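Beneath this line is the structure, given in structure tokens, with notes to follow.
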Amino acid sequence: MTDAFKFYLEEKALPLQEHRKKQVQRFARAEKNLTFVLGGDRALSAITRTDARAWRDMREKGSVANFSVRPHF
3 MTDAFKFYLE EKALPLQEHR KKQVQRFARA EKNLTFVLGG DRALSAITRT
53 DARAWRDMRE KGSVANFSVR PHF
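Heads up: take any position in the sequence shown, counting from 1, add 2, and you land on the numbering used here.
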């Protein structure tokens, strides 16, 4: 899986340095979280639907806090 992230970043690298830095940071965060959910680095062919659901559920739980804050106008 780590190789897939590296390959994708090499192919889709953004041209501007400041954009590239943010892109790398986003992918590193996603890779770290996915590795945590999967319990380590695995081959893409070994990732199951159950793993994808666990990833989705983790992402949903992380985004709940963003929507629970009410703006005061």
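Note that CB positions come from ideal geometry on N, CA and C, so glycine has one too. None of these values were measured; they are calculated from a predicted model.
Let me check understanding here. Comparing Cα to Cα, which of the options lies closest to residue i?
{"i": "Phe7", "options": "Pro17, Arg31, Arg55 and Leu18", "result": "Arg31"}
{"i": "Thr4", "options": "Phe38, Asp59, Arg51 and Leu18", "result": "Phe38"}
Is it buried or exposed for residue i, if we count other Cβ within 10 angstroms and need 16 for buried?
{"i": "Leu36", "result": "buried"}
Considering just the uninterrupted stretch of the alpha helix (DSSP H) at residue i, what are its terminal residues?
{"i": "Ala32", "result": "Gln19 to Leu40"}
{"i": "Thr4", "result": "Thr4 to Glu13"}
If you draw a straight line from the alpha carbon of residue i to that of residue j, how long is it in whole angstroms?
{"i": "Arg44", "j": "Phe29", "result": "17 Å"}
{"i": "Ala15", "j": "Lys24", "result": "11 Å"}
{"i": "Trp57", "j": "Leu46", "result": "14 Å"}
{"i": "Phe9", "j": "Glu33", "result": "13 Å"}
{"i": "Glu20", "j": "Ala54", "result": "31 Å"}
Compare the C-beta of residue i against all C-beta atoms of chain B and say whether one is closer than 8 Å.
{"i": "Leu11", "result": "Included in the structure is just one protein chain, with no chain B present."}
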